[in-house]
Amino acid sequence: YFGEQVLFGLRRPTDHVAKTRCNTLNLSRQSLDDIFNERPEVAFAMMRSISTDLEGKQRLYTVMMRSAIWLMGKTDPNTSAALTLQLAFRRAEQRKHKSLTQSAITALSDSIESGEQKIVGSKGRASSSVPVSRPASPAMKGTSAVDLFAKPLEDERLVAAQLGETRG
913 YFGEQVLFGL RRPTDHVAKT RCNTLNLSRQ SLDDIFNERP EVAFAMMRSI STDLEGKQRL
973 YTVMMRSAIW LMGKTDPNTS AALTLQLAFR RAEQRKHKSL TQSAITALSD SIESGEQKIV
1033 GSKGRASSSV PVSRPASPAM KGTSAVDLFA KPLEDERLVA AQLGETRG
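In this text, residue positions in the sequence shown follow our numbering: the first is 913, and each later residue adds one.
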């Protein structure tokens, strides 16, 4: 499987709805690690896409909470105050996680730029299996973290095509 839980360690139920006809894959964590190790550019594209989606959901949650706080403020000031604290805490946690994630991605990008070996995996923590280490991909040399996150994913079909190669 992949998604927010694998890449960012966030656990929550989620549904996926396709807007057009598509093929889906069910990947094990090890398969995803193998793809990330073979093609770091796929890992960055997936992280960027999932991160963008997650940020959009977080913005929607904030707008909905602010509306609830405003409405509750008219009838129940105590609940409104509690929701305000909850929203502030959640946003602080989101900033902390985003900062840690961006620091890790920057370090990985810098390592790939310099050609050093780097472990690429989806677990984000120590595992019982031996991690795969490989030299940086020549395709990623000269790519900065800003390039990876600032510009939108230019061709999402790249991810699907490269993942499709692993099926056959």
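Backbone N, C-alpha and C fix where the C-beta goes; we use that ideal spot for every residue, glycine too.
The straight-line gap separating the alpha-carbon atoms of GLU953 and MET959 is approximately 10 Å.
In this structure, LEU995 places its C-beta atom within 9 Å of the C-beta atom of ILE981. Two segments are said to touch when three or more pairs of C-beta atoms, one from each, lie closer than 8 Å; by this definition the region 999-1013 touches the region 971-980. By the neighbour-count criterion, in which 16 or more other beta carbons inside 10 Å mark a residue as buried, LEU944 falls on the buried side. For GLY985, same chain residues with a beta-carbon under 8 Å away, outside a window of 5 residues either side, are SER992 in chain order. With respect to THR1013, SER961 sits apart: the two C-beta atoms are not nearer than 9 Å.
Residue GLN970 holds the alpha-carbon nearest to the alpha-carbon of HIS1009 among ALA957, ASN938, GLN970, ASP927. If you look at SER940, you'll find it isn't in any alpha helix (DSSP H); DSSP assigns it neither H nor E. Contact between ALA955 and PHE948 is confirmed by a C-beta separation of about 4 Å, below the 8 Å threshold.
The DSSP-derived three-state label of LYS931 is coil. Here ARG1007 is exposed. Its C-beta has fewer than 16 other C-beta atoms within 10 Å.
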